[in-house]
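Below: the structure, in structure tokens.
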Amino acid sequence: MDKPVFLGEYTLPKPRVDFDFKLTGMVYNFSWWFNGNKLILVLGDYIVVIGESREGLNARVYSINGRRKDLDEVLKLVEYVLGLNEDLTEFYSIALKDPILNRVPLKLRGLHVRATSPWNAVLISVCQQNASFKQGWRMLYNIYKLMGREVVVEGTRTIIPPKPLDVLEHGVNALTRARVGYRAKTIIELAKLFARKPELNTWEVSVGELEEELLSVKGVGSYTIRLVLVLSKRYYEKPPIDRWLKKLIALAYKAEGREEEVYKSFWGKWSGLAALFTTIVLDAEPLTKAIKRLVEGRIEPDPNLVSPLTLWKHL
DNA sequence: TGCCAGGCGGGGT
DNA sequence: ACCCCGCATGGC
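Just so it is clear: in the first sequence, position 5 is 736 by my numbering, and no numbers are missing.
What follows is the structure in structure tokens.
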């Protein structure tokens, strides 16, 4: 097991607006990256350990490959990943009028969905295809455990997620062991694409190019692409609407048959983020239960469930 | 036991 | 432009 090299400790700039470190750290996360206090980000060849004190957020930066360079750039990436500059004021003001997300400005204020790399977003999104929330995150858990690299930072065991070449080296058999089922072939093809075009795996890649390249892969469609854009580019104009959300929209907005149109006109440029928050407030429960929750007005997260906000405690 | 999920593609009409 | 089915796997 390699030991990352400590490079330095930095204070992060004050968030512009509402920012809740714990909510931001815990949402859709695993125990090896968030433990309730410390948040670990793996950014290329760097590992950043983020904590909160009275002075604000601090970041301790480690190098995986021993090199020391571009520290300012690493801190810029941290800012982007955490959404420290993301102003959700308008999102909250729409949410207050929304039949599903009206509790968000109060209950989940300051939660920013962490950005992840396009490649990692692809893994997440493909695992969500045609499976329940729990099954999808179990697949992802298996992939990281089987193909990621374990390292120890500050006494905490953490995981460096597999790169495209790691997945190709492990091959389709390891993916089958990760129980991803028929998604294995798609993941292999995506790994080949990202290995061939590493420029796709940056946050500078354009939305249009990412869309076009991903669409060329068999097994990747509109839902997967849109979710990737939300999770990697903070691009919310095109909401990832799956069967689950479609039903909820039809019900909440009386919009059967024109779900996407109605949703977009309500949420505008925040559509994609609203889609993701819907999974958070309803704890990503299977459709029948989610509908019941909505009808009964139970639209706040339940801390007792295995859910987007509590995943890190259970997996 | 079947059936069906935060999809997708192929083949039918 | 639709409609319908199969596809790995796991949960009920």
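Note that beta-carbon positions come from the ideal geometry of N, C-alpha and C, so glycine has one too.
At what residues does the alpha helix (DSSP H) containing residue i begin and finish?
{"i": "N768", "result": "Unbroken run through N768: none, as it is neither H nor E."}
{"i": "I825", "result": "820-826"}
{"i": "I1011", "result": "1002-1012"}
{"i": "A852", "result": "849-858"}
{"i": "L1040", "result": "From DSSP, L1040 is part of no alpha helix (DSSP H); its letter is neither H nor E."}
{"i": "F997", "result": "990-998"}
{"i": "A922", "result": "914-927"}
{"i": "G841", "result": "Here G841 belongs to no alpha helix (DSSP H), and DSSP marks it neither H nor E."}
Give the straight-line distance between the Cα atoms of residue i and residue j, rounded to the nearest whole angstrom.
{"i": "E935", "j": "K894", "result": "18 Å"}
{"i": "W1001", "j": "T907", "result": "36 Å"}
{"i": "K978", "j": "W850", "result": "29 Å"}
{"i": "Y984", "j": "D829", "result": "9 Å"}
{"i": "P735", "j": "F752", "result": "24 Å"}
{"i": "G939", "j": "V853", "result": "16 Å"}
{"i": "G902", "j": "I855", "result": "18 Å"}
{"i": "K876", "j": "I890", "result": "8 Å"}
{"i": "L871", "j": "F765", "result": "16 Å"}
{"i": "N789", "j": "K995", "result": "37 Å"}
{"i": "R791", "j": "R785", "result": "16 Å"}
{"i": "D801", "j": "L774", "result": "12 Å"}
{"i": "I972", "j": "E1031", "result": "21 Å"}
{"i": "L1025", "j": "P746", "result": "33 Å"}
{"i": "K838", "j": "A826", "result": "12 Å"}
{"i": "D749", "j": "N904", "result": "45 Å"}
{"i": "F822", "j": "E900", "result": "42 Å"}
{"i": "K1023", "j": "L772", "result": "36 Å"}
{"i": "S953", "j": "K964", "result": "16 Å"}
{"i": "Q860", "j": "I956", "result": "11 Å"}
{"i": "R1029", "j": "F864", "result": "19 Å"}
{"i": "L754", "j": "G782", "result": "13 Å"}
Can you tell me where the beta strand (DSSP E) holding residue i begins and where it ends?
{"i": "V883", "result": "880-884"}
{"i": "Y741", "result": "736-742"}
{"i": "I980", "result": "Where I980 is concerned, there is no enclosing beta strand (DSSP E), although the alpha helix (DSSP H) it sits in stretches over 974-983."}
{"i": "R791", "result": "787-794"}
{"i": "Y954", "result": "First-last for Y954: 953-964, but that is the alpha helix (DSSP H), not the beta strand (DSSP E)."}
{"i": "I890", "result": "887-891"}
{"i": "S784", "result": "777-784"}
Would residue i be called buried (16 or more neighbouring beta carbons within 10 Å of its own) or exposed?
{"i": "Y1047", "result": "The shown model of the chain, from 732 to 1046, leaves out residue 1047, and the question about it has no answer."}
{"i": "R974", "result": "exposed"}
{"i": "P929", "result": "exposed"}
{"i": "L806", "result": "buried"}
{"i": "G912", "result": "exposed"}
{"i": "R888", "result": "exposed"}
{"i": "V883", "result": "exposed"}
{"i": "V809", "result": "buried"}
{"i": "G867", "result": "buried"}
{"i": "P892", "result": "buried"}
{"i": "E992", "result": "exposed"}
{"i": "E1016", "result": "buried"}
{"i": "P744", "result": "exposed"}
{"i": "L946", "result": "exposed"}
{"i": "N768", "result": "exposed"}
So, are the CB atoms of residue i and residue j less than 7 Å apart?
{"i": "M757", "j": "W1043", "result": "yes"}
{"i": "N914", "j": "V961", "result": "In the sequence as displayed, the identity of residue 914 is Arg instead of Asn. Taking 7 Å as the Cβ cut-off, R914 and V961 do not qualify as a contacting pair."}
{"i": "L832", "j": "F1008", "result": "yes"}
{"i": "L958", "j": "E944", "result": "no"}
{"i": "Y967", "j": "L1004", "result": "yes"}
{"i": "D920", "j": "V948", "result": "Per the sequence shown, the amino acid found at residue 920 is Glu instead of Asp. Taking 7 Å as the Cβ cut-off, E920 and V948 qualify as a contacting pair."}
{"i": "P1039", "j": "T1010", "result": "yes"}
{"i": "A926", "j": "N873", "result": "no"}
{"i": "E885", "j": "V779", "result": "no"}
{"i": "D818", "j": "I795", "result": "no"}
{"i": "T917", "j": "G950", "result": "yes"}
{"i": "R799", "j": "L738", "result": "yes"}
{"i": "L693", "j": "A1006", "result": "Beyond the ends of the chain as shown, which are 732 and 1046, falls residue 693; an answer cannot be given."}
Could you check if residue i belongs to the surroundings of the ligand MN, using beta carbon to heavy atom distance under 6 Å?
{"i": "T887", "result": "Of the ligands one can find in the structure shown there are none, so the ligand MN has no counterpart to examine."}
- prompt: For the 8 Å Cβ check, are there 3 or more pairs between the stretch 832-845 and the stretch 804-814?
  reply: yes
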